[in-house]
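These notes are about the structure you will find just below.
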Amino acid sequence: MQLDAAMLVAALIPSWSSVLLLASYLVYLAVAGTILPSKIVPGALLSDGSRLHYRCNGLVSLFLLLVLTATGVYMGWISPTAIADKGVELLSATFIFSLFVSFVLHAGGSRSHNQSSSLKPYVTGNFIHDWWFGVQLNPHFMGVDLKFFFVRAGMTAWLFINLSLLAKSYLAGTANLSVFLYQLFCALYIIDYFVHEEFMTSTWDIIAERLGFMLVFGDLVFIPFTFSIQGWWLLQNKVELPNVAAIASCLIFVVGYLVFRGANKQKHVFKKNPNAHIWGKRPKVVGGKLLASGYWGITRHCNYLGDLLLALSFSLPCGASSVIPFFYPIYLLILLVWRERRDEARCSQKYKEVWAEYCKLVPWRILPFVY
Ligand code: NDP
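Mapping of the sequence shown onto the UniProt record's numbering: position 229 corresponds to residue 229, and the numbering continues sequentially without gaps.
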């Protein structure tokens with residue numbers, strides 16, 4: 001028992017090799033994001049009338065990193081299980097890094113005299129609050145927009161952790177249908193995220209949240225290390241998935257994907273061109289500002305419903321013997337219900353009677369006839 005605790009503490013202290021791995025990864029992403037060809041996407045209009053421009057080249061950065069890693073593995077320079085082998089160490093290295101970054105963001109942001117919407121400090125004086133939620137909307141470092149960068153780093157890391165877990169399962173001879181489905185669903189979700197990376201520029205995190213510990217930790221630590229819990233769990237637990245459960249998982253994934261991607265796409269297209277057709281028809285628009293057609297005419301956050309179904313599909317391949325692989329859908333349910341409440345409050349304040357009219361027209365929040 002004492003030995004186990006000592007081993008855990010030892011594993012929590014990152015070795016130089018895991019620090020180096022993390023640093024190389026972040027430097028690679030920063031350099032690749034800066035120099036690789038990119039679609040430049042204008043961000044939302046900020047309150048001072050300015051607009052940021054985002055370099056949406058996450059997909060090409062991801063594929064180049066995959067090619068480089070595959071070459072390294074093929075040449076014998078890197079072990080395919082390196083990430084999975086250093087799991088706890090990498091987790092603690094990333095956690096320490098996100099703590100460090102959030103303190104630097106707090107210190108630097110609080111001292112800023114910049115009055116632009118992106119860099120103006122919003123300081124309440126309550127250190128914990130300011131450190132947690134952040135003080136600046138869009139801080140950057142050496143020309144890299146940090147908020148956009150950290151989401152990219154978290155999503156890319158999720159895929160690499162999963163691939164390393166897949167390699168470990170394969171080498172251990174435990175790769176089976178459950179492992180395959182979990183890996184496939186997550187890989188499709190992550191690649192799809194990067195195909196549509198520009199949609200991220202109109203999301204709540206990018207538009208409204210300041211960059212503090214909550215987002216830094218969420219992006220860098222929480223996304224890659226907890227969204228992959230099913231993969232870690234499947235390393236230790238063999239699941240014989242019945243065909244009917246496999247088919248149900250696939251169906252839930254497909255429906256979830258259609259709703260998630262469809263809803264986010266409709267809003268994105270609507271913001272760019274409010275007259276663009278939705279499901280082949282002219283859109284119904286409330287007060288000239290809010291879309292009430294397509295998915296946005298079914299519930300006020302159908303995109304959350306799609307995401308929840310997707311999250312469920314990532315866990316179903318693990319069967320029902322344990323609650324641990326269901327951490328992600330349970331967490332997401334709590335997060336999205338909370339987020340939906342915060343977004344409602346924000347929209348109601350921003351759109352006032354137009355929002356009230358939209359709520360009358362579309363009474364359901366996330367799941368029709370239930371919530
Ligand atoms: P949304 O993309 O739903 O953005 C909400 C904003 O959209 C509102 O603040 C408002 O902004 C605008 N809006 C709301 N209703 C309408 C409407 N009817 N017509 C036009 N505009 C409208 O929320 P999020 O940014 O929270 O989520 C984006 C995606 O990211 C979701 O699919 C979500 O599931 C996913 N997500 C996933 C997480 C995870 O951990 N897996 C965590 C968080 C989000 P405005 O003021 O610009 O009009």
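From the three backbone atoms N, C-alpha and C, an ideal C-beta is built for every residue, glycine too.
In this text, all values refer to a predicted model and were calculated from it rather than measured experimentally.
7 Å Cβ cutoff met for residue i and residue j
| i | j | result |
| --- | --- | --- |
| Ser169 | Val179 | yes |
| Pro139 | Leu26 | no |
| Leu62 | Thr201 | no |
| Val259 | Leu220 | no |
| Ser110 | Val101 | no |
| Phe148 | Tyr54 | yes |
| Val354 | Gly287 | yes |
| Cys318 | Val269 | no |
| Arg152 | Gly58 | yes |
| Ser313 | Ile252 | yes |
| Val144 | Ala30 | yes |
| Tyr295 | Ala245 | no |
| Ala82 | Val19 | no |
| Glu209 | Cys56 | no |
| Tyr328 | Phe227 | yes |
| Leu241 | Leu177 | yes |
| Leu316 | Ser249 | yes |
| Pro121 | Val135 | yes |
| Val73 | Pro80 | yes |
| Phe225 | Leu91 | yes |
Delimiting residues of the beta strand (DSSP E) encompassing residue i
| i | result |
| --- | --- |
| Val41 | Lys39 to Leu45 |
Residue i - partner residues in DSSP beta bridges
| i | result |
| --- | --- |
| Tyr54 | Val41 |
| His140 | Asp145 |
| Leu336 | None, per the DSSP bridge assignment. |
| Val285 | Leu291 |
| Ile128 | Answer is none; Ile128 lacks a bridge partner. |
| Ile278 | Lys281 |
Local Cβ density within 10 Å of residue i, reported as buried at 16 or more and exposed below that
| i | result |
| --- | --- |
| Phe326 | buried |
| Ile161 | buried |
| Lys352 | exposed |
| Pro368 | exposed |
| Asp130 | buried |
| Ala23 | exposed |
| Thr71 | exposed |
| Asp48 | exposed |
| residue 389 | Residue 389 falls outside the range modelled here, since the chain spans only 1 to 371, and no answer is possible. |
| His106 | buried |
| Tyr182 | buried |
| Ser98 | buried |
| Ala32 | buried |
| Ile190 | buried |
| Leu309 | buried |
| Trp233 | buried |
| Val323 | exposed |
| Ala311 | buried |
| Gly280 | exposed |
| Lys350 | exposed |
| Ile334 | exposed |
| Tyr193 | buried |
| Asn303 | buried |
| Gly125 | exposed |
| Asp5 | The identity of residue 5 in the sequence shown is Ala, whereas the question assumes Asp. Classification for Ala5: exposed. |
| His113 | exposed |
| Ala10 | exposed |
| His277 | exposed |
Continuous alpha helix (DSSP H) stretch holding residue i: start and end
| i | result |
| --- | --- |
| Met214 | Phe213 to Phe217 |
| His268 | Asn243 to Lys272 |
| Lys360 | Glu353 to Leu361 |
| Phe194 | Leu177 to Val195 |
| Trp16 | Trp16 to Ile35 |
| Leu308 | Cys302 to Ser315 |
| Ile324 | Premise fails: Ile324 is in no alpha helix (DSSP H) and is neither H nor E. |
| Ser92 | Gly87 to Arg111 |
| Ile207 | Trp204 to Ile207 |
| Thr226 | Ile223 to Thr226 |
| Gly297 | It is not in any alpha helix (DSSP H) - Gly297 carries neither H nor E in the DSSP assignment. |
| Gly231 | Ile229 to Gln236 |
Heavy atom of the ligand COA within 6 Å of residue i beta-carbon
| i | result |
| --- | --- |
| Thr203 | Looking for the ligand COA in the displayed structure turns up nothing; the ligands present are the ligand NDP. |
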